[in-house]
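A.B. asks: Below: one structure in structure tokens.
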Amino acid sequence: MLAEPSKWQEFLAGFELFRDPLLCALIAGGVLGFLSVYVVLRRMVFVSAAVAQSAGLGVALAFFAGIHLGFHVEPVLGATAMALAATLLLMTEPTKLKLTRESLLGLAYALAGGAAILVGDRIAQEAHDIQGILFGTAVLVTPEQLHTVAIAGGLVMVIHLWWYRGITFASFDRIGAHVQGLPVRLLDGVLMVSIGVMVGVCARALGALPVFAFSTLSAIAALMLELRLPATFFVATLAGAISGVGGYLFAYFYDFPVGGSQTVLAGVLVAVAMAVRSLMRLVQRVA
Amino acid sequence: MKTADPTDPLMAEHSVPATFTPGDPLLTCEKLVIGYNDKPMLPPIDMVIRRGQFVAVVGRNGSGKSTWFKTLLGMQPPVSGEIRSNSPEMRSAYVPQTSAIDSLMPLRARELAGWGRLRGWSFLWPFPRKADRDAVERALETAGAKAIASRPYRELSEGQKQRTLLARLIATEADLVLLDEPTAAMDAVAERETMQRLCSLAHNRGMGVVVVVHDLEVAAEHADILFFVDRETSAFVMGDAQHVFCHPAFRRQYGDEYCHRAPKGPHRGNDAR
Chain A
257 MLAEPSKWQE FLAGFELFRD PLLCALIAGG VLGFLSVYVV LRRMVFVSAA VAQSAGLGVA
317 LAFFAGIHLG FHVEPVLGAT AMALAATLLL MTEPTKLKLT RESLLGLAYA LAGGAAILVG
377 DRIAQEAHDI QGILFGTAVL VTPEQLHTVA IAGGLVMVIH LWWYRGITFA SFDRIGAHVQ
437 GLPVRLLDGV LMVSIGVMVG VCARALGALP VFAFSTLSAI AALMLELRLP ATFFVATLAG
497 AISGVGGYLF AYFYDFPVGG SQTVLAGVLV AVAMAVRSLM RLVQRVA
Chain F
383 MKTADPTDPL MAEHSVPATF TPGDPLLTCE KLVIGYNDKP MLPPIDMVIR RGQFVAVVGR
443 NGSGKSTWFK TLLGMQPPVS GEIRSNSPEM RSAYVPQTSA IDSLMPLRAR ELAGWGRLRG
503 WSFLWPFPRK ADRDAVERAL ETAGAKAIAS RPYRELSEGQ KQRTLLARLI ATEADLVLLD
563 EPTAAMDAVA ERETMQRLCS LAHNRGMGVV VVVHDLEVAA EHADILFFVD RETSAFVMGD
623 AQHVFCHPAF RRQYGDEYCH RAPKGPHRGN DAR
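Going down the list, the protein sequences come from chains A and F.
Residue 267 in our numbering sits at position 11 of the first sequence, with consecutive numbering throughout.
Residue 620 in our numbering sits at position 238 of the second sequence, with consecutive numbering throughout.
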């Protein structure tokens, strides 16, 4: 049976404890929600999955290095480095490696996931963290993690809002943008690095599963509403932020795991958007 | 056959002067060899595309026309030779097929046309300037797309999508425009209207227009010059319809029918073989 949702006073009294994870979920959900429009429209959903999985491996490797090799590597650094490495690998033209894009994605996803489990097996004392990174049990977020997510998210949003016109053109009509003299490779690189960095830092703080959900389902919900492109970005940002914060609150009030709650809420928002679209169409037909 | 819409400004502009002569060179290919991984596909090509010239590129699938087109666009490095722009300020633009814009994209026709105003690093200014907005509105009007400007691109008919892309092309104010099968998936009427509009852009606005097209009759009817590309016989034939259609390499691929039907006149052409 569900727990009684009568914890508001308890929640408000201990708000200082929850402030950082909530802020982190808000920023991560919002920024990843914004980026999700590119992820979905450029058909890179599984890129996001593979990059998130690689970030999980990065955290596991950072713990492993600290425990078995004797040198300290910040887990967030490991996550970001592996996420960026996966992003760069997935940016390469797969035909050069005599592979299809799907094969490369499958390879990156399976290899990163399998390796994370293997490395996790050798660092039993940090097994909880590995579980957290893979499935999202981010009840607590350290101030360092929050600062990292906030700084990375802020930078990504400033660049993406400033360069919005260039990045959208280069993303959705690459040849046209190239012929009109836009620096397509740079703009593409900025987008891919943004996804890599955000997935990396957010996966460390929240877990790979909710990060994957924010970076895909938010745009799916926004696209359901058939809005203009700028409005789609706005709604996707909002959907990501709502999934992050709402999922955390739901998990707190009903004693569920945070990552799972955030992921399910992101999915519920897609269903809500679907219903809204059906309603809008019905109203249009009647009118 | 359906006649052109008299309220369509670009169609109203359409009149091919009998004495039309192409203008200054825009783009010159000198001993250009196209191919992949240093393997040539065709013999060296020497050619000039001029202002006000409407060029149709024809050839069968796999003939090398896409490679030539990609090389011209700068998406594919040449094996050897040179592509030279005759003016450092020359502006080029590319128009994809109507189907190349993803059906998921929540773009309005006006937003799509607005991309035509972006050039180089102009995106560093985050909002479109008034001059750009005005240019987009004029382009939409000229292309006959004003009435559909606020509608989602994916909901438009093929002809309307093409008008939107044409508005984007006009908004670029480019000297040289390259179009990859702009009439693919169109019915015969829409195809003819599109070609007439492009013809008008070349002849009345002085743009150099290069179009990859499959319909040989439409190409012969509208283009000032045809490029026939054939990898199998290593032929790159250029000239008027009669010259190209009666060339042995062309007849080998398409038979004699087109040669018999080609408009008669003095053969004008220049081949690389």
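We put the beta carbon where it would ideally sit given N, CA and C, even for glycine.
Write down every uninterrupted run of the alpha helix (DSSP H) in the segment 419-450 of chain A whose length is 4 residues or greater and which is fully enclosed by it, in chain order.
C.D. replies: List check, alpha helix (DSSP H) in window: 420-428, 430-435.
A.B. asks: Compare the Cα-Cα distances from residue 256/A to each of 480/A, 532/A, 468/A, 539/A and report the closest residue.
C.D. replies: Residue 256/A falls outside the range modelled here, since chain A spans only 257 to 543, and no answer is possible.
A.B. asks: For residue 263/A, which option in 326/A, 508/A, 537/A has the closest C-alpha, if you only look at C-alpha atoms?
C.D. replies: The shortest Cα separation from residue 263/A among 326/A, 508/A, 537/A belongs to 508/A.
A.B. asks: Going by the DSSP bridge assignment, what does residue 476/F pair with across the sheet?
C.D. replies: According to DSSP, which records beta bridges pairwise, residue 476/F is partnered with 560/F.
A.B. asks: Take residue 613/F as the anchor and find which of 603/F, 597/F, 632/F has the nearest alpha-carbon.
C.D. replies: Comparing Cα-Cα distances from residue 613/F to each of 603/F, 597/F, 632/F, the minimum goes to 632/F.
A.B. asks: Is residue 357/A close to chain F, meaning its C-beta is less than 8 Å from at least one C-beta of that chain?
C.D. replies: No, residue 357/A does not count as interfacial toward chain F.
A.B. asks: For residue 413/F, report the span of its beta strand (DSSP E) as first-last.
C.D. replies: Per DSSP, residue 413/F belongs to the beta strand (DSSP E) from 407-415.
A.B. asks: Rounded to whole angstroms, what is the Cα-Cα separation between residue 288/A and residue 454/A?
C.D. replies: The alpha-carbon atoms of residue 288/A and residue 454/A are separated by roughly 7 Å.
A.B. asks: Can you pull the chain A residues whose beta carbon is under 7 Å from the beta carbon of residue 457/F, in chain order?
C.D. replies: The contacting residues are 431, 434.
A.B. asks: So residue 452/A and residue 340/A are in contact, right, with Cβ under 8 Å, and what is the actual spacing, rounded?
C.D. replies: Yes, they are in contact, since the Cβ atoms of residue 452/A and residue 340/A sit about 4 Å apart, within 8 Å.
A.B. asks: Nearest to residue 472/F by alpha carbon, out of 555/F, 564/F, 611/F?
C.D. replies: Residue 555/F is the option with its Cα nearest to residue 472/F.
A.B. asks: Just to confirm before moving on: does the CB-CB distance between residue 437/F and residue 609/F stay below 8 Å?
C.D. replies: Their beta carbons are under 8 Å apart, which means residue 437/F touches residue 609/F by this criterion.
A.B. asks: Here's the rule I'm using: 16 or more other beta-carbon atoms within 10 Å means buried, otherwise exposed. How should residue 394/F be labelled?
C.D. replies: Low local confidence applies: a pLDDT of 45 at residue 394/F is under 50, so the model's placement there is unreliable, with the coordinate-based value given in what follows. Answer is exposed; the Cβ neighbour count stays below 16.
A.B. asks: For the beta strand (DSSP E) holding residue 592/F, just list the boundary residues, first then last.
C.D. replies: It spans 590-594 - the beta strand (DSSP E) in which residue 592/F sits, taken as one unbroken run.
A.B. asks: Take the Cβ of residue 542/A as the centre, count every other Cβ of all protein chains shown within 10 Å, and call the residue buried at 16 or more, exposed below.
C.D. replies: Per the 10 Å Cβ criterion, exposed.
A.B. asks: Leaving out the 5 sequence neighbours to the left and right, which residues in its chain are closer than 7 Å to residue 478/F when beta-carbon positions are compared?
C.D. replies: So the qualifying residues of the chain are 562.
A.B. asks: What number of angstroms, rounded off, separates the C-alpha of residue 446/A from the C-alpha of residue 418/A?
C.D. replies: Between residue 446/A and residue 418/A, the C-alpha separation is close to 12 Å.
A.B. asks: Is there a C-beta anywhere in chain A that falls below 8 Å from the one on residue 475/F?
C.D. replies: True, the Cβ-Cβ gap to chain A drops below 8 Å.
A.B. asks: Please state whether DSSP places residue 399/F in a helix, a strand or coil.
C.D. replies: In this prediction, residue 399/F has a pLDDT of 41, which is less than 50 and means its spatial position is unreliable; nothing more can be read from the coordinates.
A.B. asks: Within the same chain, show all residues whose beta-carbon is closer than 7 Å to that of residue 412/F, passing over the 5 residues directly before and after it, in chain order.
C.D. replies: The residues are 428, 463, 464, 466.
A.B. asks: Would residue 557/F count as contacting chain A if we go by Cβ distances under 8 Å?
C.D. replies: So no, residue 557/F is outside the interface.
A.B. asks: Going by the CB atoms, is the gap between residue 500/A and residue 281/A shorter than 8 Å?
C.D. replies: Result yes, Cβ atoms of residue 281/A and residue 500/A sit closer than 8 Å.
A.B. asks: Does any CB atom of chain F fall closer than 8 Å to the CB of residue 493/A?
C.D. replies: No, its Cβ sits nowhere closer than 8 Å to a Cβ of chain F.
A.B. asks: Taking CB distances under 8 Å as the criterion, tell me whether residue 270/A reaches chain F.
C.D. replies: No, residue 270/A does not count as interfacial toward chain F.
A.B. asks: Between which two residues does the beta strand (DSSP E) containing residue 329/A stretch?
C.D. replies: Taken as a continuous stretch (DSSP letters only), residue 329/A belongs to no beta strand (DSSP E), as it is neither H nor E.
A.B. asks: Hey, could you find the ends of the beta strand (DSSP E) residue 467/F is sitting in?
C.D. replies: It spans 462-467 - the beta strand (DSSP E) in which residue 467/F sits, taken as one unbroken run.
A.B. asks: Secondary structure at residue 354/A, three-state DSSP: helix, strand or coil?
C.D. replies: Residue 354/A: coil per DSSP, three-state reduction.
A.B. asks: Would the segment 319-326 of chain A count as touching the segment 293-305 of chain A if we require 3 or more Cβ pairs under 8 Å?
C.D. replies: The segment 319-326 of chain A, when compared against the segment 293-305 of chain A, does not touch it at the 8 Å Cβ threshold.
A.B. asks: Expressed to the nearest angstrom, what Euclidean distance is found between the alpha-carbon atoms of residue 532/F and residue 376/A?
C.D. replies: Computed Cα separation, rounded: 54 Å.
A.B. asks: Quick one: what's got a C-beta closer than 7 Å to residue 479/A's C-beta in the same chain, skipping five residues either side?
C.D. replies: Answer for residue 479/A: 296, 488, listed in chain order.
A.B. asks: Tell me the rounded alpha-carbon separation between residue 497/A and residue 311/A.
C.D. replies: Looking at the two C-alpha atoms, the distance is approximately 21 Å.
A.B. asks: Would you call residue 490/F buried or exposed, if buried means 16 or more other Cβ atoms sit within 10 Å of its Cβ?
C.D. replies: Burial call: buried.
A.B. asks: Who are the neighbours of residue 554/F on chain A, taking C-beta pairs under 8 Å?
C.D. replies: The answer, in chain order, is 436.
A.B. asks: According to the neighbour-count rule (16 or more other Cβ atoms, all chains shown, within 10 Å of its Cβ), is residue 503/F buried or exposed?
C.D. replies: So residue 503/F ends up on the exposed side.
A.B. asks: In chain A, which residues lie less than 9 Å from residue 450/F when you measure between Cβ atoms?
C.D. replies: Here the premise fails: no neighbours, minimum Cβ distance about 15 Å.
A.B. asks: Just the chain A side, please: which residues come within less than 7 Å of residue 487/F by C-beta, in chain order?
C.D. replies: Ordered by position in chain A, the residues that pass the 7 Å Cβ test against residue 487/F are 297, 428.
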